[in-house]
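Numbering (my numbering), first residue to last: -13 to 421.
Notes for the one structure printed next.
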Amino acid sequence: MTKDEIILANKEFLFPAVFHLYRRPLVVARAKDQYVWDADGNQYLDFLGGIVTVSVGHCNDEVNSKVHRQLDTLQHVSTLFANEPQAALARKIASLTPGGKLTKSFFTNSGTEANETAILTARCYTGSTEIIALRHSYHGRSAMGMTLTGQGTWRLGPPQAGIVHAHSAYCYRCPFGLTYPECDVRCARDVEELIRTTTTGRIAGFIAEPIQGVGGFVTPPREYFQIVEKIVRNYGGIWISDEVQTGWGRTGGKWFGIEQWGVIPDIITGAKGLANGSPIGLTVARPEVADGLKGMTLSTFGGNPVTATAAKAVIDFIEDQKLLDNCTATGAYLRARLEELKAKHELIGDVRGMGLMQALELVEDRRTKKPATAQTLMLLEAARENGLLVGKGGLYGNVIRVTPPMNIGRSDVDHFIEAMDKSLAACAAAAGSAR
Ligand code: PMP
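Take a look at the structure:
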């Protein structure tokens, strides 16, 4: 098919809800490591990483050679039969979880399913139904996933019962109009008021992303989650850490984002980067919590040998190449260079994130913080023109998300900054607001 035929077929044969990032859809033909090529042969530096999914580079040789071998050995059995790749993956994951305490896994095919399984497990284990989630969160696209999600843009159809939303620690736009640290982390303490006023007081659990991904990499103050943890446990709830974006070293130095905040969760969910592009969902729990999910449930493709092989190969690659350290070191370098861009470009109101998960929040005016939503779209287009792919996020659609593969180096960051600098300058020139 030609590029135009692909675009036409998309329009004619896919739901219109399948939207594209750019005015002219980008038709991707192939990809390798940190690069992507479109149907016209143009090369792009991929600092979006397939939405935080290409964790170890596109078409990673070491991962794919194992996948190819597995594909020709045993492709599918369903969860009704045991297979070595699933068992080996589950054993490996158990050894990586915080304190080695989460040792039982349930595999599915997406982050949405992973969170569905986590909520069901929390409810079965505690015998309670009520769940606390956070505003600005994203947890999936099923009815439950959308109800957990704290952004109206991503909530379609009727919501489910039993879920309330606490304030997010969105310091740049504090919901209480306060400033850290004088605020005494009011947003965390407010969780108690939320539980006492909007629930029965016996909750099943709390679910949060350690750094909110789709919400625009909202990064809480150091003590936020520890304060919330005490409250959640006081009211009988268990802790679910949605690590779909923050897992597998992305935040630097730790396998899971929640470890940055000193909380040991009862359940961790994962997907995206775990298998570098093969569809996978993971719900891993403390054994007694996992045992609470009684009765029969199965996932036809869950833990299938090919995907499990991919995931184990990704984890092995991350270990062998010491990518947790690379996320810390190259992440710090990226952050420093993003701060330089902020010093130069008025459009950037805030730089935040951790490791190789960094964001720029764009504002029309640094004093009023009016979201620069239209300019964000312009910047995405300009970046594309300059051979660079980045993501968009935030409730107001004004956050640029930067999540390259975790095995990039400083020269890739330099290349990225150069293209971003040019793109920001082009936007400023178009808006007539160059300094
Ligand atoms: N949780 C988080 C934190 C996510 O970012 C996403 C996807 N953006 C999901 C859950 C849902 O994952 P999936 O799209 O694989 O269902």
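In this text, a Cβ means the ideal position worked out from N, Cα and C, and glycines have one as well.
- By a beta-carbon distance limit of 8 Å, M132 contacts L142. Their separation comes to about 6 Å.
- By alpha-carbon distance to T107, the top candidate from E274, I197, V53, T39 is E274.
- Secondary structure of A15 (DSSP, three-state): strand.
- Scanning T183, I181, A358, S154 for the CA closest to the CA of V171 turns up S154.
- For I244, the shortest separation between its Cβ and any heavy atom of the ligand PMP does not lie below 7 Å.
- Taking 7 Å as the cut-off, one finds at least one heavy atom of the ligand PMP near enough to the beta carbon of N101.
- Straight across, the Cα-Cα distance linking F92 with G380 is about 30 Å.
- T232 sits close to P196, with the two beta carbons spaced by under 8 Å.
- The C-beta separation of V385 from G202 comes to about 3 Å, placing the pair in contact by the 8 Å criterion.
- DSSP places W241 outside both helix and strand once states are collapsed to three, so it counts as coil.
- Secondary structure of K280 (DSSP, three-state): coil.
- Relative to the ligand PMP, even the nearest heavy atom lies 7 Å or more away from the CB of T314.
- In the structure shown, the three-state DSSP call for P357 is strand.
- Taking a C-beta distance under 8 Å as the contact criterion, A25 and A15 qualify as a contact pair.
- Annotation: the stretch 188 to 235 contains the following complete segments of the alpha helix (DSSP H) (minimum length 4 residues), in chain order: 210 to 220.
- Across the set Q198, P251, A368, L134, the C-alpha of Q198 shows the shortest separation from the C-alpha of C157.
- Remark: the C-beta of T98 is in contact range of the ligand PMP, defined as less than 7 Å to any heavy atom.
- Fewer than three beta-carbon pairs drawn from the stretch 396 to 414 and the stretch 43 to 62 are found closer than 8 Å, and the two stretches are therefore not classed as touching.
- The closest CA to that of A345, considering only A415, D19, A152, G377, is found on G377.
- Your pair G335 and V349 checks out as a contact, with CB atoms roughly 4 Å apart and the cut at 8 Å.
- The criterion of a C-beta distance shorter than 8 Å is not satisfied by L333 and W241.
- Of the residues assessed, A369 falls on the buried side of the cut-off, its CB having 16 or more other CB atoms within 10 angstroms.
- Note on G86: under 16 other CB atoms within 10 angstroms of its CB, so exposed under the neighbour-count rule.
- Remark: the shortest separation between the CB of I301 and any heavy atom of the ligand PMP does not fall under 7 Å.
- Counting C-beta pairs closer than 8 Å gives fewer than three between the stretch 268 to 284 and the stretch 118 to 130, which falls short of the contact rule.
- Annotation for I37 indicates a beta carbon within 7 Å of some heavy atom of the ligand PMP.
- A residue is called buried when at least 16 other Cβ atoms come within 10 angstroms of its Cβ; G281 does not meet this threshold and is exposed.
- As the crow flies, the alpha-carbon of S264 is around 14 Å from that of S51.
- By the criterion of a C-beta distance shorter than 7 Å, S128 is surrounded in its chain by T98, E102, once the five residues flanking it on both sides are discounted.
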